[in-house]
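Everything on this sheet refers to the single structure shown next.
Number of protein chains: 2
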Amino acid sequence: MRTQTERVDIQLGDRSYDILIGSGLLAQSVSFDGVQRASSAVIVTNPTVASLYSAQLHTALRTLYPKVLQIELQDGEAFKDWSSLNQIFEALLSAGCDRKTVIYALGGGVVGDVAGFAAACYMRGVPFVQVPTTLLAQVDSSVGGKTAINHPLGKNMIGAFYQPLRVVADLDTLDTLPDRELSAGLAEVIKYGPIADDAFLSWIETNLDALWARDKAALAHAVKRSCEIKAWVVSQDERESGVRAILNFGHTFGHAIEAGLGYGAWLHGEAVGCGMVMAADLSRRLGLIDTAYVDRLTRLIERAKLPIRGPALGSERYLELMRVDKKSEGGEIRFVVIDAPGRASMRAAPDAVVRDVIATHTA
Amino acid sequence: MRTQTERVDIQLGDRSYDILIGSGLLAQSVSFDGVQRASSAVIVTNPTVASLYSAQLHTALRTLYPKVLQIELQDGEAFKDWSSLNQIFEALLSAGCDRKTVIYALGGGVVGDVAGFAAACYMRGVPFVQVPTTLLAQVDSSVGGKTAINHPLGKNMIGAFYQPLRVVADLDTLDTLPDRELSAGLAEVIKYGPIADDAFLSWIETNLDALWARDKAALAHAVKRSCEIKAWVVSQDERESGVRAILNFGHTFGHAIEAGLGYGAWLHGEAVGCGMVMAADLSRRLGLIDTAYVDRLTRLIERAKLPIRGPALGSERYLELMRVDKKSEGGEIRFVVIDAPGRASMRAAPDAVVRDVIATHTA
């Protein structure tokens with residue numbers, strides 16, 4: 332059964348755009364109505380996604396652009412780097428792509444982040460469209476204009492705030508998503524509960540089985556509500572000078588896990604899942620929430636088949652890795668904490684408390 | 332004698348900033364009043380400029396920031412590349428620089444473009460200040476927010492529109508500028524005449540000797556008027572979707588010369604000087620201006636000790652190189668032409684006419 336196409340608006344003045352959420356969107360040129368025409372469009376994707384979905388997107392774009400190129404990046408977080416970025420630049424320059432060329436990012440978070448950053452930099456900025464094919468990208472990374480590559484010295488350290496012209500989230504692409512990646516996406520869906528909407532957290536608790544069964548109506552609601560919350564936060568603070576940082580709940584610990592194990596060992600969502608357990612416990616230890624809430628969140632994260640214990644890197648290594656986090660200032664680590672169910676803020680925490688959290692939640 | 336400090340405002344809404352022009356500005360912390368404080372500032376420069384001027388800038392910044400780092404890039408257009416950019420990222424990350432760190436670009440166009448692009452990308456954007464030490468950078472590249480690096484397949488192909496918080500143009504730094512670079516800077520000063528202000532062109536004709544003698548009052552007027560014209564153009568079209576492109580008068584031919592000879596063989600301003608002769612002749616052949624005006628402009632360019640004949644790359648090579656220019660669209664080269672003294676626009680031109688221009692003006 333096809334679900335009705337849902338639409339979420341991101342209000343950012345002259346950088347506003349909408350997100351389309353539904354079934355069968357990929358192959359329909361109407362999904363890209365209103366995106367500017369040009370002499371060429373470029374699909375940036377990876378071999379796995381290309382074999383499944385690029386033919387559909389070509390079908391839609393072929394009617395809109397005289398020339399449609401395709402660039403396939405190597406698959407995985409390890410390739411979210413300068414060399415993938417440069418692969419795009421070389422392909423664009425070799426094909427004579429001008430500054431009206433529209434870049435379509437077809438894939439998960441890595442493809443979206445690299446292609447988006449390439450679009451931000453190529454000839455100082457060309458239009459781009461996000462076509463996310465993972466749950467994580469549909470609910471989080473494709474929305475809000477954060478693009479980046481990793482640097483050997485830090486994750487997402489080199490990037491830009493650069494908004495797409497449209498996001499097209501085709502739920503049918505989730506049918507082929509490996510369970511592990513579905514799970515990783517659920518981490519970011521769950522995240523929106525503690526930071527913004529306790530009722531949504533309850534809804535996820537009730538509907539987790541339907542989400543696991545990839546029920547389209549359940550997925551449509553989860554993606555739509557996630558995007559609405561993200562849109563609401565981003566529209567208040569596009570460049571993360573304040574409230575937007577709450578979207579990084581669980582990410583400070585999570586990034587330390589990813590960096591400590593080497594990017595790609597854990598999926599980003601897995602690290603965030605575990606990071607949320609740690610950040611919730613930190614919030615409890617700071618006297619903000621009670622044990623029952625931490626247990627509730629931990630149980631849901633576990634039901635979503637996400638890790639709830641971090642790797643044993645040693646607490647000093649965790650602290651060292653967290654000090655280079657982008658949210659830290661003057662060497663002070665700043666954490667997103669839960670002030671109450673559905674409400675978050677940023678604050679520093681004593682190293683001793685953070686060490687206790689790490690000791691409690693690592694293998 | 333010290334000239335009075337001049338101020339030019341760039342009106343770009345919440346990205347507005349001002350340009351200070353005068354003597355003795357570099358060592359005075361008052362020149363940087365209003366630029367936000369942070370735990371650290373980073374001076375990006377090159378060894379030549381560092382040996383002459385970084386001590387002065389350190390004096391000013393030491394009173395404003397607890398920590399002042401210095402990064403020296405290799406000197407020259409050949410180093411306006413990814414590896415210099417990455418040198419900055421590595422230094423910033425290694426020193427634990429956070430996203431409030433202010434980057435100061437102390438040098439000419441290469442330093443400003445690379446440091447500005449690094450500021451645009453580091454942690455998705457940190458504040459930066461331009462401290463241009465060449466005439467070219469003071470009248471052109473430090474103003475207006477264009478930042479970029481070169482790609483082996485094209486000049487300035489990878490970059491961002493990213494505005495500084497301030498531009499501090501200390502005219503005293505021009506005392507040590509090699510004649511050849513003064514000359515290259517004069518090319519961009521002269522440019523503002525044909526595109527926007529015929530009276531300014533006359534003023535330059537009258538005051539060229541004073542400029543050559545590095546008379547501070549003459550330099551102050553030349554820099555100020557150039558910045559005013561640039562500010563007026565940029566405030567109408569920050570991202571070069573229209574009128575801003577007229578600032579590239581002479582640059583389409585000029586970029587072909589630079590790329591054809593290999594970056595760095597000719598200085599950018601030298602290529603622009605020669606490019607203006609070609610673009611003026613193209614305008615004449617298109618019936619827009621008369622021979623007397625082309626001769627007048629050519630004579631001034633020659634008096635500024637700039638080349639008026641291009642290298643013999645062959646007209647097909649010129650055309651090929653110009654087709655990858657950022658202003659070209661769908662493979663059609665778009666030139667800035669002079670419609671009348673002090674007024675420019677963009678247009679395409681028949682290849683045959685362009686070939687004639689190249690044949691006439693190459694060695």
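So the sequence lines, in the order shown, correspond to chains V and P. Note that my numbering numbers the first sequence so that position 80 is 411, with each residue one more than the last. Note that my numbering numbers the second sequence so that position 336 is 667, with each residue one more than the last. Using N, Cα and C, we set each Cβ at its ideal position, and we do this for glycine too.
From Leu-395 of chain V to Cys-558 of chain V, what distance separates their C-alpha atoms? As a first step, residue 395 of chain V is located in the first sequence; it is residue number 64 there, counting from the start. As a first step, residue 558 of chain V is located in the first sequence; it is residue number 227 there, counting from the start. Approximately 27 Å, taken between the alpha carbons.
With a floor of 3 residues, list each beta strand (DSSP E) that falls wholly inside the stretch 639-679 of chain V, ordered by position along the chain. 666-671, 674-678
Positions along the stretch 428-442 of chain V whose CB lies within less than 8 Å of some CB in chain P: Asp-429, Arg-430, Lys-431
For Asn-481 of chain V, which of helix, strand or coil comes out of DSSP? As a position in the first sequence, residue 481 of chain V is number 150, starting the count at 1. Strand, per DSSP.
Can you confirm whether Leu-424 of chain P, when its beta carbon is compared against all beta carbons of chain V, has any partner nearer than 8 Å? Numbered from 1 along the second sequence, position 93 holds the residue referred to as residue 424 of chain P. True, the Cβ-Cβ gap to chain V drops below 8 Å.
DSSP beta-bridge partners of Arg-497 of chain V: As a working note, residue 497 of chain V is residue 166 in the first sequence. V:Asp-349, V:Val-460.
Reducing DSSP to helix, strand and coil, say where Tyr-624 of chain P ends up. Numbered from 1 along the second sequence, position 293 holds the residue referred to as residue 624 of chain P. The answer is helix: DSSP assigns Tyr-624 of chain P an H, G or I state.
Could you name the residues of chain V that Gly-485 of chain P contacts, counting a contact when the two beta carbons are closer than 7 Å? Position 154 of the second sequence holds residue 485 of chain P. Residues of chain V passing the Cβ test: Leu-424.
When the Cα of Arg-616 of chain P is compared with those of P:Leu-532, P:Ala-576, P:Ala-680, which residue comes out closest? The residue given as residue 616 of chain P occupies position 285 in the second sequence. When each option's Cα is compared against that of Arg-616 of chain P, the closest is P:Ala-680.
Taking C-beta pairs closer than 8 Å, name the residues in chain P that Ala-491 of chain V reaches, listed in chain order. Taking the first residue of the first sequence as 1, we reach residue 491 of chain V at position 160. Here the neighbours are Ala-451, Cys-452, Arg-455, Gly-456, Ala-491.
Can you tell me the Cα-Cα spacing of Arg-648 of chain P and Val-685 of chain P, whole angstroms? One-based indexing of the second sequence puts residue 648 of chain P at position 317. One-based indexing of the second sequence puts residue 685 of chain P at position 354. One C-alpha to the other measures close to 12 Å.
For Gln-567 of chain V, is the classification buried or exposed, using 16 other Cβ atoms within 10 angstroms of its Cβ as the cut-off for buried? For the purposes of this step, residue 567 of chain V is taken as residue 236 along the first sequence, with counting starting at 1. Exposed: under 16 other Cβ atoms inside 10 Å.
Proximal residues of chain V, C-beta to C-beta of Ser-370 of chain P below 7 Å: Taking the second sequence and counting its residues from 1, the one referred to as residue 370 of chain P is at position 39. Here the neighbours are Gly-661.
Exposed or buried, what is Leu-357 of chain V when buried is set at 16 or more other beta-carbons lying within 10 Å of its beta-carbon? As a working note, residue 357 of chain V is residue 26 in the first sequence. It is buried - the Cβ of Leu-357 of chain V has at least 16 other Cβ atoms within 10 Å.
Using only the alpha-carbon positions, how far apart do Ser-533 of chain V and Val-462 of chain P sit? Mapped onto the first sequence, residue 533 of chain V falls at position 202. Mapped onto the second sequence, residue 462 of chain P falls at position 131. Going from the Cα of Ser-533 of chain V to the Cα of Val-462 of chain P covers about 55 Å.
Tell me, please, which residues DSSP counts as bridged to Thr-693 of chain P. Within the second sequence, the letter at position 362 stands for residue 693 of chain P. DSSP lists P:Gly-641 as partners of Thr-693 of chain P.
Drop a sphere of 10 angstroms on the beta-carbon of Leu-466 of chain P, count the other beta-carbons inside from all chains shown, and report buried for 16 or more, exposed for fewer. What you label residue 466 of chain P is simply residue 135 of the second sequence in a count that begins at 1. Buried: at least 16 other Cβ atoms inside 10 Å.
If you draw a straight line from the C-alpha of Thr-629 of chain V to the C-alpha of Gly-606 of chain V, how long is it? Within the first sequence, the letter at position 298 stands for residue 629 of chain V. Within the first sequence, the letter at position 275 stands for residue 606 of chain V. Roughly 10 Å between the two C-alpha positions.
The ligand GDP and Gly-593 of chain V: does any heavy atom of the ligand fall closer than 7 Å to the residue's C-beta? Among the ligands in the structure shown, none appear at all, so the ligand GDP cannot be discussed.
With a cut-off of 8 Å, does the C-beta of Phe-420 of chain V fall near any C-beta of chain P? Translated into the one-based positions of the first sequence, residue 420 of chain V becomes position 89. True, the Cβ-Cβ gap to chain P drops below 8 Å.
Helix, strand or coil, according to DSSP, for Asn-417 of chain V in the structure here? In the first sequence, residue 417 of chain V corresponds to position 86, counting from 1. If DSSP states are grouped into helix, strand and coil, Asn-417 of chain V belongs with the helices.
Check this for me: beta carbons of Glu-663 of chain V and Pro-638 of chain V, under 8 Å apart or not? Stepping through the first sequence from its first residue, residue 663 of chain V is reached at position 332. Stepping through the first sequence from its first residue, residue 638 of chain V is reached at position 307. No, these two residues do not count as a Cβ contact at 8 Å.
Tell whether a beta-carbon distance below 8 Å holds between Val-442 of chain P and Asn-538 of chain P. Here residue 442 of chain P corresponds to residue number 111 of the second sequence, with the count starting at 1. Here residue 538 of chain P corresponds to residue number 207 of the second sequence, with the count starting at 1. No, they are not a contact pair.
Please state whether the Cβ-Cβ distance between Leu-392 of chain V and Tyr-348 of chain V is less than 8 Å. Counted from its first residue, the first sequence places residue 392 of chain V at position 61. Counted from its first residue, the first sequence places residue 348 of chain V at position 17. No. Outside cutoff.
Under the assumption that Leu-619 of chain V contacts Val-668 of chain V (Cβ atoms under 8 Å), give the Cβ distance between them as a whole number of angstroms. Indexing the first sequence from 1 puts residue 619 of chain V at position 288. Indexing the first sequence from 1 puts residue 668 of chain V at position 337. That pair is a contact at about 6 Å.
Beta-carbon gap between Phe-459 of chain P and Ala-491 of chain P smaller than 8 Å: Here residue 459 of chain P refers to the residue found at position 128 when the second sequence is read from its first residue. Here residue 491 of chain P refers to the residue found at position 160 when the second sequence is read from its first residue. It is not a contact, given that the beta carbons lie outside the stated cut-off.
Verify the CB distance criterion: does Met-488 of chain P have a CB-CB separation below 8 Å to chain V? Counted from its first residue, the second sequence places residue 488 of chain P at position 157. Closer than 8 Å: yes.
Using the Cα positions of Lys-561 of chain V and Ala-541 of chain V, report the straight-line distance between them to the nearest angstrom. One-based indexing of the first sequence puts residue 561 of chain V at position 230. One-based indexing of the first sequence puts residue 541 of chain V at position 210. Computed Cα separation, rounded: 23 Å.
Compare the C-alpha of Ala-372 of chain P against each of P:Gly-573, P:Thr-507, P:Ala-694, P:Ala-446 and name the closest. Position 41 of the second sequence holds residue 372 of chain P. Per the Cα distances, P:Ala-446.
Return the first residue and the last residue of the beta strand (DSSP E) that Val-574 of chain P is part of. By one-based count along the second sequence, residue 574 of chain P stands at place 243. Run containing Val-574 of chain P: none; DSSP gives neither H nor E here.
For Leu-484 of chain P, does the count of other Cβ atoms within 10 angstroms reach 16, so buried, or fall short, so exposed? Working through the second sequence from its first residue, we reach residue 484 of chain P at position 153. By the neighbour-count rule (16 or more Cβ atoms within 10 Å), Leu-484 of chain P is not buried but exposed.
Helix, strand or coil at Met-609 of chain P [DSSP, three-state]: The residue given as residue 609 of chain P occupies position 278 in the second sequence. It is helical.
Can you round the beta-carbon distance between Leu-502 of chain P and Leu-437 of chain P to whole angstroms, since I take them to be within the 8 Å contact cut? Counting from one through the second sequence, the residue named residue 502 of chain P turns up at place 171. Counting from one through the second sequence, the residue named residue 437 of chain P turns up at place 106. Not a contact, Cβ separation roughly 15 Å.
What are the start and end residues of each continuous alpha helix (DSSP H) run of 4 or more residues lying completely inside the stretch 378-463 of chain P, in chain order? 386-393, 413-425, 440-452
Out of curiosity, what's the CA-to-CA distance linking Ala-518 of chain P and Ile-632 of chain P? Position 187 of the second sequence, counted from the start, is the residue given in the question as residue 518 of chain P. Position 301 of the second sequence, counted from the start, is the residue given in the question as residue 632 of chain P. Using only the alpha carbons, I get a separation of about 7 Å.
Quick one: Cα of Glu-421 of chain P to Cα of Ile-374 of chain P, how far? Translated into the one-based positions of the second sequence, residue 421 of chain P becomes position 90. Translated into the one-based positions of the second sequence, residue 374 of chain P becomes position 43. Taking the straight line from one Cα to the other gives about 14 Å.
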